[in-house]
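Colleague:
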Amino acid sequence: MVYAPDYTAEGTFEKRLSVRTAHLEAFKANVDEGHVRIGGVLLTPESIATETADKKMVGSMFICKAAKIEEVKKIVENDIYYKSGVVSDF
């Protein structure tokens, strides 16, 4: 399982949104190839308090299928969120 919180610096959310389409396309390819089983965005507790609450994304989480940890690191390090400085660590 990969836990990848976003940086908290100003502008990170906007950066996330600007590369989100590329991230989702690459993520779908990893799912289709069997490298990633499931994953998604992490939201603040306030985001899920009510159906109408504003959704604030604060990171990502996903589960990989790999023989070696290096394979998982490669998936993360090739992701646009990592490359563009959206996620702070994994």
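If you read the sequence shown in the numbering used here, its first letter stands for residue 1068, the second for the next number, and so on.
C-beta atoms are modelled at their ideal positions from N, C-alpha and C, and glycine is treated no differently.
Which runs of the beta strand (DSSP E), 3 residues or longer, sit entirely within the stretch 1133-1157?
Modeller: none
Colleague: Quick one: residues in its chain with C-beta nearer than 6 Å to the C-beta of F1129, no 5 flanking neighbours on either side, listed in chain order?
Modeller: V1069, V1103 and G1106
Colleague: At which residues does the alpha helix (DSSP H) containing A1093 begin and terminate?
Modeller: That run of the alpha helix (DSSP H) goes T1079 to D1099.
Colleague: If I measure Cβ to Cβ from G1101 and keep anything under 8 Å in the same chain, skipping five residues before and after, which residues do I get?
Modeller: K1132
Colleague: Within 10 Å of its beta-carbon, does G1126 have 16 or more other beta-carbons around it, so buried, or fewer, so exposed?
Modeller: buried
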